[in-house]
Amino acid sequence: MEIEQLQQFLKVAELGNFTRAAECLAISQPALSRSIARLEEALGQPLFERQSRKVTLTDAGQLLLPRAHRIVALVDDTKAEISDDGESGRIRLGAIPTIAPFFLPEMLSPFAESFPKAQLTVQEDTTDNLLRRCQQGEIDLAILALPISAKHLEVEALFEEELLLVLPVDHPLCAKKQIKLADVEPYPFILLDEAHCLSDNIVTFCRHRSFNPVSVERTSQLATVQELVSLRHGVSMIPEMAKQLDMSKRRVYRSLSGTKPTRTIAMIWNPYRFQCKLLDRFKDHVRQFAHEFPSKPT
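Under UniProt numbering, think of the first position of the sequence shown as 1, with each following residue one higher.
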């Protein structure tokens, strides 16, 4: 049994498909199939049920899965600890889609300049997937929005961000000097789909104030929400960091009067994994950048 075989086994188990796993691993599909076959031969049991379009784990595969994660993680941690110089190494960063394009570019650039030997990779995914990947050691750090429900992960709040009402430029509410949540109630909402925590933030805020927003459309991209608002399909609430980069004149952003909807941005990591010096320095960099981030309310 080789470490490389276990890494390949984990990728096939994650994707449920040999072809896609081979692409991610940058090897040919026949080579991957042969490697998994040799692993199955060494263990004396099939690890996958092979179907026409996907593969699923057998009982033996289910038994191997958590142990393979631990073995691969132990090897990765050992390599990292032996070569830990605080200047070089790899940091695998995750972020949710409503944060990644607005917060990461300005944050990553100065760190890359300060640590040219460091390798930074970014994975954009939903909260649930990022939590799972962090628990399993597939990523080192994730930046997302609270609340989260996860065991065995360290959570550190970074800053609170306001959610702004976004309207088409000629919407009747644009003429009001102050807009209350009650003013918005008659209008349909455009929200991200249920996999995105931003929608939960918005709906929870409204329900706590006896208002249940009626969602007429859901989409997977924040940019699509903004465009649908411009096309007068409805209204929405958008993180302030997204508004900072929006140069369109077809929509207007307004802060609600009274208690304002917000979300809390946080970073998470697995404290049970080896924390290299480079990762500690990166966390300090994230904290400093978050403290000075332009869209952070004063």
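Where a beta carbon is used, it is the ideal one built from N, C-alpha and C, also for glycine.
Query raised in the report: Near Ser83, what residues of its chain come up, given a Cβ to Cβ distance below 8 Å and the 5 sequence neighbours on each side ignored?
Result: Residue numbering aside, residue 83 sits at position 83 when the sequence shown is read from its first letter. The residues are Gly89.
Report task. Could you tell me which uninterrupted beta strand (DSSP E) segments, each at least 3 residues in length, are contained entirely in the segment 77 to 153, listed from first to last along the chain? Result -> 89 to 95, 118 to 124, 141 to 145
Requested in this report: Using three-state DSSP, classify Ile27 as helix, strand or coil.
Outcome: Along the sequence shown, one-based indexing puts residue 27 at 27. It is coil, neither helix nor strand.
Query raised in the report: Does DSSP put Phe289 in a helix, a strand or coil?
Result: Position 289 of the sequence shown holds residue 289. Correct three-state label for Phe289: helix.
Query raised in the report: In whole angstroms, what separates the C-alpha of Arg133 from that of Arg209?
Result: As a first step, residue 133 must be located in the sequence shown, where it is residue number 133. As a first step, residue 209 must be located in the sequence shown, where it is residue number 209. Answer to the nearest angstrom: the Cα atoms are 35 Å apart.
Query raised in the report: Hey, how far is the Cα of Glu4 from the Cα of Leu279?
Result: For the purposes of this step, residue 4 is taken as the residue at position 4 of the sequence shown. For the purposes of this step, residue 279 is taken as the residue at position 279 of the sequence shown. Distance between the alpha carbons of Glu4 and Leu279: 25 Å.
Report task. Look up Thr204 in the DSSP assignment and say whether it is helix, strand or coil. Result -> Here the question's residue 204 lines up with position 204 in the sequence shown. Note: Thr204 maps to helix in three-state DSSP.
Requested in this report: Using the Cα positions of Pro168 and Phe205, report the straight-line distance between them to the nearest angstrom.
Outcome: Translated into positions along the sequence shown, residue 168 becomes position 168. Translated into positions along the sequence shown, residue 205 becomes position 205. Pairing Pro168 with Phe205, the inter-Cα distance amounts to about 22 Å.
Query raised in the report: Any idea which residues DSSP pairs Thr264 with across the strands?
Result: Mapped onto the sequence shown, residue 264 falls at position 264. Note: Thr264 sits in a beta bridge opposite Glu160.
Report task. Could you tell me if Phe9 is buried or exposed, where buried requires 16 or more neighbouring beta carbons within 10 angstroms of its beta carbon? Result -> Translated into positions along the sequence shown, residue 9 becomes position 9. By the neighbour-count rule (16 or more Cβ atoms within 10 Å), Phe9 is buried.
**Report entry** Reduced DSSP category for Phe274 - H, G, I as helix; E, B as strand; rest coil
**Finding:** As a first step, residue 274 is located in the sequence shown; it is residue number 274 there, counting from the start. DSSP places Phe274 in coil when its eight states are reduced to three.
Query raised in the report: Between Lys283 and Met241, what straight-line distance do the alpha-carbon atoms span, to the nearest angstrom?
Result: Indexing the sequence shown from 1 puts residue 283 at position 283. Indexing the sequence shown from 1 puts residue 241 at position 241. Taking the straight line from one Cα to the other gives about 20 Å.
Requested in this report: Please report how far the alpha carbon of Cys174 lies from the alpha carbon of Val252, in whole angstroms.
Outcome: The count along the sequence shown starts at 1 and reaches residue 174 at position 174. The count along the sequence shown starts at 1 and reaches residue 252 at position 252. A direct Cα-to-Cα measurement between Cys174 and Val252 gives close to 8 Å.
Query - Cutoff 8 Å: Ala150 Cβ touching any chain D Cβ - result: The chain labelled as chain D is not found in the depicted structure, where only one protein chain is given.
Requested in this report: Could you tell me how far apart the beta carbons of Leu213 and Phe189 are, in whole angstroms, since I believe they sit closer than 8 Å?
Outcome: Taking the first residue of the sequence shown as 1, we reach residue 213 at position 213. Taking the first residue of the sequence shown as 1, we reach residue 189 at position 189. The sequence as given places Pro at residue 213; Leu does not occur at that position. The pair is a contact, with the Cβ atoms about 4 Å apart (cut-off 8 Å).
Query raised in the report: Given Thr298, which residues of its chain have a CB within under 8 Å of its CB, disregarding the five upstream and five downstream residues?
Result: Taking the first residue of the sequence shown as 1, we reach residue 298 at position 298. Summary for Thr298: the model assigns pLDDT 38, below 50, so the residue's position carries little reliability, and this model does not support an answer.
Report task. Taking only the alpha-carbon atoms, compute the straight-line gap between Leu25 and Leu15 and give it to the nearest angstrom. Result -> For the purposes of this step, residue 25 is identified with residue 25 of the sequence shown, where counting begins at 1. For the purposes of this step, residue 15 is identified with residue 15 of the sequence shown, where counting begins at 1. Those two C-alpha atoms are separated by around 12 Å.
**Report entry** Contact check, His196 vs Gly137, beta carbons under 8 Å
**Finding:** For the purposes of this step, residue 196 is identified with residue 196 of the sequence shown, where counting begins at 1. For the purposes of this step, residue 137 is identified with residue 137 of the sequence shown, where counting begins at 1. No, these two residues do not count as a Cβ contact at 8 Å.
Report task. Could you please give the first and the last residue of the uninterrupted beta strand (DSSP E) stretch that includes Val55? Result -> Taking the first residue of the sequence shown as 1, we reach residue 55 at position 55. Residues 55 to 57.
**Report entry** Residue of Thr19, Val75, Leu231, Phe159 minimising C-alpha distance to Val55
**Finding:** Indexing the sequence shown from 1 puts residue 55 at position 55. Val55 has its Cα closest to that of Thr19, out of Thr19, Val75, Leu231, Phe159.
**Report entry** CA-to-CA distance, Ile238 to Arg218, given in whole angstroms
**Finding:** The residue given as residue 218 occupies position 218 in the sequence shown. The residue given as residue 238 occupies position 238 in the sequence shown. Whole-angstrom Cα-Cα distance: 14 Å.
Requested in this report: Would you kindly work out how many angstroms separate the C-alpha atoms of Gln45 and His233, rounded to a whole number?
Outcome: Position 45 of the sequence shown holds residue 45. Position 233 of the sequence shown holds residue 233. One C-alpha to the other measures close to 55 Å.
Query raised in the report: Are Ile27 and Leu93 close, meaning C-beta to C-beta below 8 Å?
Result: Position 27 of the sequence shown, counted from the start, is the residue given in the question as residue 27. Position 93 of the sequence shown, counted from the start, is the residue given in the question as residue 93. Cβ atoms of Ile27 and Leu93: not closer than 8 Å.
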